[in-house]
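One structure below.
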Amino acid sequence: MTINGYTRVCGLIGNPVEHTKSPAIHNTLAAELGENLVYVPLRVPEGKLKEAVEGAWALNLLGLNVTVPYKSQVIPFLKEIDPLAEKIGAVNTLLRVEGGFKGYNTDMPGLLRAMGEDGVKLAGEKVLLLGAGGAARAVAMLLAGQGAESVIILNRTVEKAESLAEEVNRTAGRRLVRAAALEDCRSLPEGEKYLAIQTTNLGMFPRTEEAVIEDRDFYARIHTGYDLIFNPEKTRFMSLVEESGGRAFNGMKMLLYQGIIAYELWTGSEVDGVLAKKAYQTMRGEMAVRP
Ligand code: NAP
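Position one of the sequence shown corresponds to residue -7 (the working numbering), numbered consecutively onward.
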């Protein structure tokens, strides 16, 4: 591509950001659509988030993605926030508007699009949500919005699962979610089969031999396992699900679609299925070269 005086800049703020695969998504989309845009990782040191957001706006950046640890911390520095992001309490995409940035959450619509493509439905499902951190919070809100029948949050720190369950039930206006400790995976109601969504960090590269639950009986209760982790491509959680006869998916398509939705917000372009596939292949290739 030619970088010139008209090139628009987007980027990813977080700490660290060196591992990111997002440049592969956005720079592929820009090149394929012939848009004069470049996307770069921008590491923001601790304590410098406000300066980074204000500085990015002052430097005329078109948009930013936001990753760990800033998805919630960035909210006070926004000019506006989209209602979905406000409800989730986390922002992963900033769009330049008059006087500052508007915050969005494209992780959840991204996950929904990914699950749709993988043939995983949420309506009427009995769901086990593993983890109660930032990603779990967003998934729990999505489950409430998409008509899941019931949700059990299993988390190492049970108090965090309890406060998340309370919050989601309040938002949903029904007793949809209950909290449990990880050990309770052995005493799930008899006869039920579950969709399990894995949102903990366990199993992420380089600690690929780990899974948050090892109990084989637990995995026999799962018809579909969806791991938000995308590196490695097959996590230990996914292998355990498959070995017990279930279907398993990773978080790579979620990563792809949260990026595509952000790109569409920044540029107003529409990314079709053929182009999405191209960006997906580039991202996978990047992962193979630099895990
Ligand atoms: P987070 O807020 O830090 O939450 C981490 C969760 O993992 C908590 O529930 C924590 O339990 C649990 N956990 C961590 N270490 C554990 C251990 N040793 N044993 C048991 N549980 C443990 O992180 P997050 O932002 O939710 O992100 C979680 C994962 O989602 C990451 O792997 C991230 O890559 C993935 N993610 C993927 C995408 C995508 O596009 N595919 C998007 C967002 C996130 P406690 O509450 O007990 O500490």
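For each residue, glycine too, the CB sits at the ideal point set by N, CA and C.
Contact between the region 231 to 242 and the region 255 to 264 is absent: fewer than 3 CB-CB pairs across the two stretches fall below 8 Å. Y211 has its alpha-carbon roughly 9 Å from the corresponding atom of I205.
For Q190, DSSP records a beta bridge to L122 and D219.
Less than 7 Å separates the beta-carbon of V233 from that of I214.
Taking every protein chain shown into account, the CB of G47 has fewer than 16 other CB atoms within 10 angstroms, so this residue is exposed.
Restricting attention to G111, K94 and V131, the CA atom closest to the CA of M100 is found in V131.
In the three-state DSSP reduction, I214 falls in the strand class (E or B). When only Cα atoms are considered, L34 and K13 end up about 13 Å apart. By the Cβ neighbour-count rule, V89 is exposed, with fewer than 16 other Cβ atoms within 10 Å of its own. Annotated as distal: V45 and V83, with beta-carbon spacing of 7 Å or more. With fewer than 16 other Cβ atoms inside 10 Å of its own Cβ, M(-7) counts as exposed. Going by beta carbons, P15 and Y31 fall inside the 7 Å limit.
Distance from the C-beta of G55 to the nearest heavy atom of the ligand NAP is not below 6 Å. If the five residues before and after M230 are omitted, its C-beta is found closer than 7 Å to the C-beta atoms of G217, D219, A240 and N242, all from its own chain and listed in chain order.
Put simply, of N19, Y62, L21 and G116 the residue whose alpha carbon is nearest the alpha carbon of K40 is Y62. By the 16-neighbour rule on beta-carbons within 10 angstroms, E182 is exposed. When distances are taken from the beta-carbon of V204 to the heavy atoms of the ligand NAP, the shortest one is below 6 Å. For L267, the secondary structure class from DSSP, reduced to helix, strand or coil, is helix. A128 has its alpha-carbon roughly 37 Å from the corresponding atom of T(-1). Of the residues G81, M107, N(-4) and Q190, the one whose Cα lies closest to the Cα of V160 is G81. When DSSP states are grouped into helix, strand and coil, E78 belongs to the helix group. In the DSSP assignment, the residues bridged to I73 are G95. Scanning the region 234 to 265 from its first residue to its last, the whole alpha helix (DSSP H) runs of 4-plus residues come out as 244 to 259. Ordered along the chain, residues surrounding the ligand NAP are V60, D99, G123, A124, G125, G126, A127, A128, N147, R148, T149, K152, T191, T192, N193, L194, M196, V204, L220, I221, F222, G243, M246, L247 and Q250 [Cβ under 6 Å from any heavy atom]. Per DSSP, the continuous beta strand (DSSP E) segment holding L29 begins and ends at L29 to R35. Beta-carbon to beta-carbon, G95 and A77 are separated by about 5 Å, close enough to satisfy the 8 Å threshold. A280 is positioned such that its CB atom lies no closer than 7 Å to that of T20.
For the 7 Å CB-CB criterion, P224 and T192 do not form a contact.
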